[in-house]
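> The UniProt record's numbering applies: residue 1 is where the sequence shown begins, and numbers increase by one. Just so you know, even glycine gets a beta-carbon here, dropped at the ideal spot from N, CA and C. Encoded as structure tokens, here's the structure I'll be asking about.
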Amino acid sequence: MKANGKRCQGNIVTQTGLESVKIKTNKIPSRVRNQGYQILIRFNNVGDVAIFERRLKTILIGSVPLVINRAKFVKVGSNGPPSSDFPPMNPGAPPKTKSSRPAFNLSFKDAVAGLTRNNHVKISIEEDRVIRAKLDCCWTGKAKNFHFLLNAWDIVANNGLDDCNIKYVGDSALKSLEENKCWLNQWFDDIKPWEEAGELSGRLTWMVIEGLPILGRNLAAVKAIAGRFGRLLEVGRLNFDFKIITPVKTLILTYNMRDVSQRIDVVLNNKSYPVRIFEEPFVLSSLLRDHKGNLDNDSVEDSMFEEEANWSFHGGSVWWCWFVIRRRESRNLGTRKDPCMQP
């Protein structure tokens, strides 16, 4: 409602005879006050709306009648008289709309033209366990030198092994080896398939222990945790004097071909702490560059072993490399470093 004066508040309450009236005043800046004074009024239990509106129009603010503005108009033919001259609006419930999917996922074309549902037939199938076992097999080989070993991850990825381009034809793994041996021998010696019936060589993997309490950051605690997953070889990030306390990182030898990912509870001083253990993929290409992005073999070799301690193993005169070929991903590339090659 809009009235020409502030005295309308008291006049409306007294002249309408309603006790249950709530008035909310909207403050208007001084530069526009000459246009009128706006108030928001809520009437309760008014009865017939049309009779009540006609009664409101008889209220005078000084010598000026009260002006009632309603936002909605009802059109009849070509004329559109204000709905204040007609009683009440349709009390029916608004129509319900249905959406097949959220609006933020709709394209402009779908939003305008609507969606067309296509009934696709879905059939569930099961994977072949024999093929899965072959795709999860290990390949072992000897890298010709240290530089080829550093680039082994990129070699495997760039040649399509992350999408499992080594294919087994029928039940013969040797035929697959013959098809792929031509380019594998460019970087590795003595390539042969991993035989499940033979002696398990295992694989090297980096395992991160996250959530270990401060008072429990010791070698005995790490051995107890890592011993559940394999043989502990080295421990890094265990020093408490670092400025930033990071999760403990360990290098283990495991015979499990599945990813290491588990949550265990560690009890210390009769209090249980949730500890998350997961396998960290080792990307060798990240070791080839320093923080500035420049290739530097000396700085690479220093940064490779400075943070984690010396991941050193005596493996003879060759560099050993383990990698697992899986469907759609290559995983867990481990290295053995000769102590004679340390800076």
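#1: Compute the Euclidean distance between the alpha carbons of Phe-52 and Val-64, then round it to the nearest angstrom.
#2: Cβ atoms of Gly-230 and Ile-252: under 8 Å apart, would you say?
#3: Among Gly-211, Leu-60, Ala-50 and Leu-233, which has the Cα closest to the Cα of Thr-254?
#4: Just to confirm, is the Cβ distance from Val-266 to Val-260 under 8 Å?
#5: Under a Cβ-count criterion, where at least 16 other Cβ atoms within 10 Å of its own Cβ denotes burial, should Ile-225 be classed as buried or exposed?
#6: Determine the contact status of His-263 and Leu-238, defining contact as a CB-CB distance below 8 Å.
#7: Start and end of the alpha helix (DSSP H) containing Ile-51?
#8: Buried or exposed, going by whether 16 or more other CB atoms sit within 10 Å of the CB of Leu-219?
#9: Which residue marks the beginning of the beta strand (DSSP E) containing Ile-264, and which one marks its end?
#10: Taking all protein chains shown into account, do 16 or more other C-beta atoms lie within 10 angstroms of the C-beta of Lys-271, making it buried, or fewer, making it exposed?
#11: Alpha carbon to alpha carbon, what distance is there between Leu-215 and Phe-240?
#12: So, at 8 Å on beta carbons, what are the nonlocal neighbours of Tyr-273 in its own chain, with the 5 sequence-adjacent residues on each side left out?
#13: Please look up how many angstroms separate the CB atoms of residue 381 and Val-222, rounded, as I've assumed it's under 8 Å.
#14: Determine the closest residue to Leu-204 out of Arg-228, Asn-185, Glu-279 and Val-248, with distance taken between C-alpha atoms.
#15: Helix or strand or just coil, what does DSSP make of Leu-238?
#16: Lys-249 by DSSP, collapsed to three states: which one?
#17: Secondary structure at Lys-223, three-state DSSP: helix, strand or coil?
#18: Run through DSSP, which three-state label would residue 411 get?
#19: Please classify Leu-60: is it buried, with 16 or more other beta-carbons within 10 angstroms of its beta-carbon, or exposed?
#20: Would you mind sorting Asp-302 into buried or exposed? The rule is 16 or more other CB atoms within 10 Å of its CB.
#21: Please return the same chain residues whose Cβ sits closer than 8 Å to the Cβ of Ala-71, not counting the five positions on each side in sequence.
#22: Would you mind reading off the limits of the beta strand (DSSP E) that contains Lys-271?
#23: Name, in chain order, the residues that DSSP records as bridge partners for Pro-65.
#24: Compare the Cα-Cα distances from Trp-206 to each of Lys-96, Ala-93, Val-248 and Lys-57 and report the closest residue.
#25: Run through the DSSP bridge pairs and tell me what Ile-203 is partnered with.
#26: Just mark Ile-277 as buried or exposed, buried being the case when its beta carbon has 16 or more other beta carbons within 10 Å.
#27: Spell out the partners DSSP gives Ile-209 in its beta bridges.
#28: Distance check for Val-49 and Ala-93, CA to CA, integer angstroms please.
#29: What number of angstroms, rounded off, separates the C-alpha of Asn-256 from the C-alpha of Val-235?
Taking the structure as given:
#1: Here residue 52 corresponds to residue number 52 of the sequence shown, with the count starting at 1. Here residue 64 corresponds to residue number 64 of the sequence shown, with the count starting at 1. Distance between the alpha carbons of Phe-52 and Val-64 is about 19 Å.
#2: The count along the sequence shown starts at 1 and reaches residue 252 at position 252. The count along the sequence shown starts at 1 and reaches residue 230 at position 230. The answer is yes: Cβ separation under 8 Å.
#3: Here the question's residue 254 lines up with position 254 in the sequence shown. It is Leu-233 whose Cα lies nearest to the Cα of Thr-254.
#4: Position 266 of the sequence shown, counted from the first residue, corresponds to residue 266. Position 260 of the sequence shown, counted from the first residue, corresponds to residue 260. For the pair Val-266 and Val-260, the CB atoms are not nearer than the 8 Å cut-off.
#5: Numbered from its first residue, the sequence shown carries residue 225 at position 225. So Ile-225 ends up on the buried side.
#6: If you number the sequence shown from 1, residue 263 lands on position 263. If you number the sequence shown from 1, residue 238 lands on position 238. For clarity, residue 263 is Arg in the given sequence; the question names His instead. Result no, Cβ atoms of Arg-263 and Leu-238 do not sit closer than 8 Å.
#7: Here residue 51 refers to the residue found at position 51 of the sequence shown. 49-56 is the extent of the alpha helix (DSSP H) around Ile-51.
#8: Taking the sequence shown and counting its residues from 1, one reaches residue 219 at position 219. Around the CB of Leu-219, fewer than 16 other CB atoms lie within 10 Å, so the residue is classed as exposed.
#9: As a first step, residue 264 must be located in the sequence shown, where it is residue number 264. Segment 261-268, the beta strand (DSSP E) holding Ile-264.
#10: Here residue 271 is taken as the residue at index 271 of the sequence shown, counted from 1. The residue in question, Lys-271, is exposed, as its Cβ has fewer than 16 Cβ neighbours within 10 Å.
#11: One-based indexing of the sequence shown puts residue 240 at position 240. One-based indexing of the sequence shown puts residue 215 at position 215. When rounded, the distance between both Cα atoms is 10 Å.
#12: As a position in the sequence shown, residue 273 is number 273, starting the count at 1. Result list for Tyr-273: Gly-211, Leu-212, Pro-213, Gly-216, Asp-265, Val-266 and Val-267, in chain order.
#13: Residue 381 lies beyond the range of the chain shown here (1 to 343); nothing can be said about it.
#14: Numbered from its first residue, the sequence shown carries residue 204 at position 204. Of the candidates Arg-228, Asn-185, Glu-279 and Val-248, the one whose C-alpha sits nearest the C-alpha of Leu-204 is Glu-279.
#15: The residue you call residue 238 lines up with position 238 of the sequence shown. Correct three-state label for Leu-238: coil.
#16: Translated into positions along the sequence shown, residue 249 becomes position 249. Note: Lys-249 maps to strand in three-state DSSP.
#17: Against the sequence shown, residue 223 aligns to sequence position 223. The answer is helix: DSSP assigns Lys-223 an H, G or I state.
#18: Limits of the chain in this structure are 1 at one end and 343 at the other, which puts residue 411 out of reach.
#19: Along the sequence shown, one-based indexing puts residue 60 at 60. Result: exposed.
#20: Along the sequence shown, one-based indexing puts residue 302 at 302. Per-residue confidence for Asp-302 stands at a pLDDT of 36, beneath the threshold of 50, marking its modelled position as unreliable; the derived number appears in the next sentence. That one is exposed.
#21: As a working mapping, residue 71 is identified with position 71 in the sequence shown. In this prediction, Ala-71 has a pLDDT of 43, which is less than 50 and means its spatial position is unreliable; what the coordinates show is noted afterwards. Only residues of its own chain outside the window of five on either side were considered, and among them none has a CB closer than 8 Å to the CB of Ala-71.
#22: Position 271 of the sequence shown, counted from the first residue, corresponds to residue 271. Counting along the chain, the beta strand (DSSP E) containing Lys-271 begins and ends at 271-280.
#23: Residue numbering aside, residue 65 sits at position 65 when the sequence shown is read from its first letter. Per DSSP, Leu-60.
#24: One-based indexing of the sequence shown puts residue 206 at position 206. Looking at the Cα atoms, Val-248 is the closest of the given residues.
#25: On the sequence shown, residue 203 is found 203 positions in, with the first residue counted as 1. A quick correction: the sequence has Arg, not Ile, at residue 203. By DSSP's assignment, Arg-203 forms a beta bridge with Thr-254.
#26: Residue numbering aside, residue 277 sits at position 277 when the sequence shown is read from its first letter. Looking at its Cβ environment, which holds 16 or more other Cβ atoms inside 10 Å, Ile-277 is buried.
#27: In the sequence shown, residue 209 corresponds to position 209, counting from 1. The partner list for Ile-209 (beta bridge, DSSP) reads Val-248 and Ile-277.
#28: The residue you call residue 93 lines up with position 93 of the sequence shown. The residue you call residue 49 lines up with position 49 of the sequence shown. Using only the alpha carbons, I get a separation of about 19 Å.
#29: Taking the sequence shown and counting its residues from 1, the one referred to as residue 256 is at position 256. Taking the sequence shown and counting its residues from 1, the one referred to as residue 235 is at position 235. Using only the alpha carbons, I get a separation of about 20 Å.
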